[in-house]
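Chains as they are written, first to last, in the working numbering: chain A, 3 to 292; chain B, 3 to 292; chain C, 3 to 292; chain D, 3 to 292. Positions of the beta carbon are idealized from the N, C-alpha and C atoms, including for glycine. Read through the structure below, which is laid out as structure tokens, and then see the notes.
Here it is, written out as structure tokens:
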């Protein structure tokens with residue numbers, strides 16, 4: 003089936019009567035063909051006022067205008083609804099920078115999905131504090147940057163990462179088991195752009211060596227969590243999680259091995275939700291329109 | 003939190019531009035507050051024309067009229083869209099008849115959920131081909147009908163079941179491990195009203211003794227399937243399924259035991275989807291708006 | 003299939019060469035037929051010396067003597083191996099006391115399994131701080147004790163619970179969503195006998211209102227944990243855990259509803275492992291021989 | 003932790019009293035240190051006589067002799083027990099041949115695990131009916147053979163595959179989404195050596211285009227099955243299976259994408275069980291000693 007070009011409109015606003023009617027009315031008035039649409043009204047469990055979330059895919063060829071004009075025409079309605087929103091074009095590839103350390107499983111997995119076009123993105127480059135994967139990455143035709151990080155050069159190293167990310171015009175940074183803790187100012191600089199995979203079922207086992215912590219506690223399932231990076235370690239909005247069953251016979255090494263399978267699957271799902279604008283963040287939580 | 007009374011409008015129609023806009027426009031025009039709304043456009047994977055499915059919950063107290071008038075006012079729009087639709091009132095309890103044989107797990111589970119009001123339904127009666135559960139059911143204040151079925155009395159027995167179901171004005175018949183095969187004419191008489199739990203992951207292991215079949219084949223997971231009953235055995239639209247891991251050490255008896263846990267959970271989820279009008283059937287498949 | 007009477011021998015000891023050979027040699031020498039046997043050597047992940055765990059089911063009719071004589075004859079070997087061990091007889095029913103508060107799901111589930119003989123135990127009595135379930139429990143022919151607990155009567159109430167448990171000669175106390183925190187001295191009195199079901203995936207969300215905590219954090223899976231009670235709240239050895247997927251549309255009430263299904267399944271599995279001597283505790287962790 | 007060299011002894015025999023005692027007695031008599039041991043007695047669910055299965059890992063440095071002498075000394079006991087058995091050495095790498103077509107996900111996944119030494123095997127070569135992965139495979143330093151298969155050259159092509167497999171002294175052939183049906187005589191030539199990943203939850207959806215079949219039936223979970231190849235298509239002994247949840251909004255293409263994640267995880271687990279001699283086959287079923 004040929005893939006149809008479409009625009010994805012997503013956003014959220016304070017809840018009130020008639021939001022769907024007005025937004026879908028705007029699209030219908032221009033004969034826009036909605037391929038997929040999702041809505042969620044969050045009443046905040048009584049803790050706060052209601053908020054309304056939405057996401058729509060509209061066939062590009064059904065509209066009489068392109069993205070720039072869509073934006074201009076939609077803005078007055080969005081303003082009236084106090085909506086935080088964006089619209090993206092499926093024909094424009096997302097620009098992703100991958101950060102890795104020494105573990106290969108997430109990197110291979112992402113390269114495999116990119117190679118088969120399951121992930122239809124531009125991998126601008128891979129950045130690593132080790133050079134182990136230089137040859138592999140370059141063999142795929144992707145630039146590789148070795149940016150060593152050590153106790154003495156941290157500010158310079160992180161400045162270099164920032165420089166590269168800005169230079170390649172990245173819009174998404176994937177920490178694919180990048181084993182360094184990024185400084186708060188770097189985390190805050192790209193809100194909603196940095197995606198991490200943490201090797202535990204958060205909020206259990208925050209921080210270092212989560213499989214050792216899990217082994218000590220004797221849990222019967224281990225997990226992985228894909229989340230946005232914020233300046234607070236492992237506290238950002240959770241995008242996706244999953245677990246796998248273990249038992250008393252599994253050593254820490256076994257857990258690490260099982261864990262890799264969960265980590266790469268969870269990262270891949272979370273990243274896809276992000277790239278397809280299926281994730282809306284509010285109050286440190288995510289709405290995921292699968 | 004007090005539960006708010008709401009109307010649930012659900013239906014499907016041939017896909018075209020502007021359906022959401024027109025339906026949500028109708029509701030907004032009457033100041034209807036949409037609590038939850040779901041849409042799905044099925045392009046039929048290229049096999050058939052597109053079809054559009056929708057479900058909305060609207061706060062009853064936000065509308066200036068009641069159900070009868072809603073129906074009357076909405077009908078012209080629905081007709082124009084060639085929509086198959088219905089609307090229901092959360093304040094009107096569904097009328098459920100439960101059919102059981104000798105196994106108790108699904109019955110206890112449904113009674114427990116009914117007792118705690120998790121299932122906020124009217125259990126009109128329980129019908130069984132055995133009298134094992136008479137005292138338990140009646141202790142709960144629910145009428146019990148013993149309708150024995152044997153090779154010689156089948157037409158009379160099924161006529162009696164039909165008579166009871168009609169008399170109590172049932173709108174849903176739950177086959178909670180009712181181990182008799184209902185005759186085709188009875189199945190056809192109440193389309194979309196009869197829900198069965200089959201003790202395998204369909205389409206594997208259709209028919210009798212599925213756990214024995216699973217044991218013979220040496221599968222590593224066993225499952226259960228909740229589906230609408232049609233005149234073809236175990237071929238009706240699937241509502242919900244789940245599986246559980248087994249291994250070589252599990253005997254058929256172990257599988258039966260594990261299977262019970264899956265069966266009752268899958269039946270309870272499937273039944274809830276049905277009772278809340280979350281299931282839309284088309285072409286022997288279901289759309290489930292969770 | 004008729005159930006065969008068997009003895010279950012389980013225990014653990016410091017690891018060394020030849021343990022299996024000596025224990026199974028002892029049984030073979032008396033022509034004992036081993037139905038099932040499991041072993042585990044824990045090397046402590048380098049943190050401590052190795053420990054050896056074992057469990058065997060031996061057909062009672064294959065041995066030339068009964069339990070008392072088995073114990074006497076086996077003791078010298080066990081002493082030599084510094085083994086902590088026990089042996090039980092499948093023909094002797096375990097004596098279980100169930101503690102509940104106001105939530106019914108675990109109670110109904112246990113009664114259902116008991117009624118069908120899936121749980122082949124003696125339920126000595128049900129104790130509750132409310133009288134909501136008195137009639138239901140007594141209808142099943144099981145004694146019910148209403149022991150109210152309030153800020154002023156705690157010592158007396160817990161003394162009464164202890165008195166009842168001792169009087170009925172309970173060997174297992176199941177806290178089936180008993181919403182009171184038992185005093186440390188009561189917890190310490192019956193080590194390895196008190197089983198709790200906690201409504202979160204421990205160690206996440208210890209303490210009160212775990213579903214509210216889960217809602218606040220925005221996790222994508224919720225869980226339940228069955229564990230032995232120790233004097234430290236929610237810190238005892240974990241027997242069994244499981245999770246279920248939720249999403250942004252689920253309110254705290256939805257989580258509570260989904261959670262019940264996990265709680266009762268996890269409690270039932272954990273309790274069965276315990277009753278069948280499949281759980282061996284060491285260093286606040288469990289070996290589970292499924 | 004340094005990995006200790008060990009021998010894995012596995013086998014099965016007709017059940018009788020004293021097997022464990024005699025086998026573990028033999029090992030203890032030579033001061034063999036058992037790292038891990040598993041047993042299973044299958045009473046055949048009443049359908050056939052009992053059979054006994056076992057697997058042990060023994061530290062190589064604890065024994066006073068090497069593999070050849072172990073074999074010679076153990077043979078008389080094995081013969082007496084009518085045991086089918088083998089013993090392998092963890093220091094000897096298994097020799098694996100990977101067969102692929104055009105889909106890359108399983109190949110990348112296996113290469114990634116091999117690269118990181120999670121799979122500590124010798125990949126003798128990759129054989130494909132397409133040359134798409136030649137450069138990737140050779141970049142990893144692994145020989146690649148392009149053996150085109152078309153309606154006219156089948157006998158010659160399969161003879162060539164056999165020749166290569168024999169020449170490299172392969173002991174395991176992995177069909178990593180190799181989309182050709184191998185001829186019965188080739189399947190029969192290497193019993194218990196050929197491992198396939200089928201993209202459905204068998205026995206559902208045998209044969210071609212299982213995701214299309216799943217889409218048509220409207221199932222709520224899709225799966226994958228790792229099994230030994232026999233001359234009957236998709237009927238061999240099942241090693242491992244898993245499933246993933248889908249819903250009405252998933253197209254066949256979505257299922258294919260989700261399915262890949264299950265396929266590679268299931269293949270990797272099944273392959274590991276095979277390589278570590280954790281799989282014992284009997285009567286078209288497997289005992290898996292995890």
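Q) Measuring CB to CB, does residue 36 of chain C end up less than 8 Å from residue 59 of chain C? A) Looking up residue 36 of chain C in the third chain gives position 34. Looking up residue 59 of chain C in the third chain gives position 57. For residue 36 of chain C and residue 59 of chain C, yes; Cβs fall inside 8 Å.
Q. Residues in its own chain within less than 7 Å of residue 76 of chain B by CB, not counting five upstream and five downstream?
A. Reading the second chain from its first residue, position 74 is the one you call residue 76 of chain B. So the list reads 28, once near-sequence residues are dropped.
Q. Taking 8 Å as the CB-CB limit, is residue 232 of chain A close to chain C?
A. Locating residue 232 of chain A in the first chain gives position 230, counting from the first residue. False, the Cβ-Cβ gap to chain C never drops below 8 Å.
Q | Range covered by the beta strand (DSSP E) that runs through residue 16 of chain A | A | Within the first chain, the letter at position 14 stands for residue 16 of chain A. 8-16 is the span of the beta strand (DSSP E), which, as asked, contains residue 16 of chain A.
Q.
Check for me: the beta strand (DSSP E) holding residue 58 of chain D runs from which residue to which?
A. Here residue 58 of chain D is taken as the residue at index 56 of the fourth chain, counted from 1. Where residue 58 of chain D is concerned, the enclosing beta strand (DSSP E) stretches over 53-61.
Q: Please name the residue in D:34, D:84 and D:42 whose C-alpha comes closest to that of residue 252 of chain B.
A: Translated into the one-based positions of the second chain, residue 252 of chain B becomes position 250. Out of D:34, D:84 and D:42, D:42 has the C-alpha closest to the C-alpha of residue 252 of chain B.
Q: Measuring alpha carbon to alpha carbon, tell me which of A:85, A:105 and A:30 ends up nearest residue 282 of chain A.
A: Within the first chain, residue 282 of chain A is the residue found at index 280, counting from 1. When only C-alpha atoms are compared, the closest one is A:85.
Q: Report, in whole angstroms, the separation of the C-beta atoms of residue 273 of chain D and residue 208 of chain D, which I expect to be a contact under 8 Å.
A: Position 271 of the fourth chain, counted from the first residue, corresponds to residue 273 of chain D. Position 206 of the fourth chain, counted from the first residue, corresponds to residue 208 of chain D. With a Cβ gap of about 22 Å, residue 273 of chain D and residue 208 of chain D do not count as contacting.
Q | As assigned by DSSP and simplified to three states, the class of residue 105 of chain D | A | Within the fourth chain, the letter at position 103 stands for residue 105 of chain D. The answer is coil: DSSP assigns residue 105 of chain D none of H, G, I, E or B.
Q. Using CA coordinates, which residue listed in D:40, D:19 and D:137 is at the minimum distance from residue 61 of chain C?
A. Along the third chain, read from residue 1 onward, the residue named residue 61 of chain C stands at position 59. Among D:40, D:19 and D:137, the Cα nearest to that of residue 61 of chain C belongs to D:19.
(Q) Quick check on residue 283 of chain A - is its C-beta less than 8 Å from some C-beta in chain B? (A) Position 281 of the first chain holds residue 283 of chain A. So no, residue 283 of chain A is outside the interface.
**Q.** Reduced DSSP secondary structure (H/G/I, E/B, other) of residue 215 of chain C
**A.** As a working note, residue 215 of chain C is residue 213 in the third chain. Residue 215 of chain C: helix per DSSP, three-state reduction.
Q.
Counting only beta-carbon separations shorter than 8 Å, does residue 214 of chain D have a partner in chain A?
A. Residue mapping note: residue 214 of chain D aligns to position 212 of the fourth chain, counting from 1. By this cut-off, residue 214 of chain D is not an interface position.
**Q.** Cβ shell of residue 139 of chain C (< 7 Å), same chain only, five flanking positions each side left out
**A.** Looking up residue 139 of chain C in the third chain gives position 137. Taken in chain order, the residues that qualify are 128 and 146.
Q: Run down chain C in chain order and give the residues with a C-beta less than 8 Å from the C-beta of residue 259 of chain B.
A: The residue given as residue 259 of chain B occupies position 257 in the second chain. What residue 259 of chain B touches in chain C: 120.
**Q.** As assigned by DSSP and simplified to three states, the class of residue 225 of chain A
**A.** Residue 225 of chain A sits at position 223 when you count from the first residue of the first chain. Strand, per DSSP.
Q: Determine the extent of the alpha helix (DSSP H) in which residue 71 of chain D is found, giving its start and end residues.
A: For the purposes of this step, residue 71 of chain D is identified with residue 69 of the fourth chain, where counting begins at 1. 69-82 is the extent of the alpha helix (DSSP H) around residue 71 of chain D.
(Q) Short of 8 Å in beta carbon distance, which residues of its chain neighbour residue 3 of chain C, apart from the five on each side in sequence? Order them along the chain. (A) As a first step, residue 3 of chain C is located in the third chain; it is residue number 1 there, counting from the start. Per-residue confidence for residue 3 of chain C stands at a pLDDT of 45, beneath the threshold of 50, marking its modelled position as unreliable; no derived number is given.
Q. In three-state DSSP terms, what is residue 290 of chain D?
A. If you number the fourth chain from 1, residue 290 of chain D lands on position 288. If DSSP states are grouped into helix, strand and coil, residue 290 of chain D belongs with the strands.
**Q.** Residue nearest to residue 83 of chain C in terms of C-alpha spacing, selected from C:23, C:264 and C:119
**A.** As a position in the third chain, residue 83 of chain C is number 81, starting the count at 1. Looking at the Cα atoms, C:23 is the closest of the given residues.
Q. Given that a residue counts as buried once 16 or more other Cβ atoms are within 10 Å of its Cβ, and exposed if not, what is residue 243 of chain A?
A. To locate residue 243 of chain A, count along the first chain from 1; it is residue 241. Buried: at least 16 other Cβ atoms inside 10 Å.
Q.
Which of the three DSSP states is assigned to residue 266 of chain B in this structure?
A. Taking the first residue of the second chain as 1, we reach residue 266 of chain B at position 264. Residue 266 of chain B: helix per DSSP, three-state reduction.
Q: Going by CA-CA distance only, name the one from A:78, A:286, A:39 and A:260 that's closest to residue 115 of chain D.
A: Counting from one through the fourth chain, the residue named residue 115 of chain D turns up at place 113. The option with the nearest alpha carbon to residue 115 of chain D is A:260.
Q.
Between residue 43 of chain C and chain D, is any beta-carbon pair separated by less than 8 Å?
A. Position 41 of the third chain holds residue 43 of chain C. Answer yes: the Cβ-Cβ gap between residue 43 of chain C and chain D drops below 8 Å somewhere.
(Q) When you compare the region 187-197 of chain D with the region 224-233 of chain D, are there three or more beta-carbon pairs, one atom per stretch, that lie closer than 8 Å? (A) yes
(Q) Measuring only the C-alpha atoms, how far is residue 183 of chain D from residue 170 of chain D? (A) Residue numbering aside, residue 183 of chain D sits at position 181 when the fourth chain is read from its first letter. Residue numbering aside, residue 170 of chain D sits at position 168 when the fourth chain is read from its first letter. Distance between the alpha carbons of residue 183 of chain D and residue 170 of chain D is about 22 Å.
Q.
Counting only C-beta atoms, is residue 256 of chain D closer than 8 Å to chain B at any point?
A. As a working note, residue 256 of chain D is residue 254 in the fourth chain. With 8 Å as the cut-off, residue 256 of chain D does not count as an interface residue toward chain B.
Q: Could you check which residue in B:292, B:186, B:225 and B:191 has the C-alpha nearest to that of residue 204 of chain B?
A: The residue given as residue 204 of chain B occupies position 202 in the second chain. Residue 204 of chain B has its Cα closest to that of B:225, out of B:292, B:186, B:225 and B:191.
**Q.** CB contact below 8 Å: residue 33 of chain A versus chain B
**A.** Working through the first chain from its first residue, we reach residue 33 of chain A at position 31. Chain B contact via Cβ: present.
**Q.** Alpha-carbon spacing of residue 249 of chain D relative to residue 287 of chain B, whole angstroms
**A.** For the purposes of this step, residue 249 of chain D is taken as residue 247 along the fourth chain, with counting starting at 1. For the purposes of this step, residue 287 of chain B is taken as residue 285 along the second chain, with counting starting at 1. Distance between the alpha carbons of residue 249 of chain D and residue 287 of chain B is about 11 Å.
Q | Residue(s) in a DSSP beta bridge with residue 87 of chain A | A | Residue 87 of chain A sits at position 85 when you count from the first residue of the first chain. Answer is A:13.
Q. Of the residues C:120, C:73 and C:126, which one's Cα is nearest the Cα of residue 163 of chain C?
A. The residue labelled residue 163 of chain C in the question sits at position 161 within the third chain. Considering only alpha carbons, the answer is C:126.
Q) Measuring CB to CB, does residue 269 of chain D end up less than 8 Å from residue 178 of chain D? A) Counting from 1 along the fourth chain, the entry for residue 269 of chain D is found at position 267. Counting from 1 along the fourth chain, the entry for residue 178 of chain D is found at position 176. In contact: residue 269 of chain D and residue 178 of chain D (Cβ atoms closer than 8 Å).
Q | Entirely enclosed beta strand (DSSP E) segments - the region 158-206 of chain C, minimum 3 residues | A | 174-177 and 196-200
Q.
If we define contact as Cβ-Cβ less than 8 Å, is residue 38 of chain C a contact residue for chain D?
A. On the third chain, position 36 is the one that residue 38 of chain C refers to. With 8 Å as the cut-off, residue 38 of chain C counts as an interface residue toward chain D.
Q. If we cut at 8 Å on Cβ distances, does residue 218 of chain D have a partner in chain E?
A. Included in the structure are the protein chains A, B, C and D, with no chain E among them.
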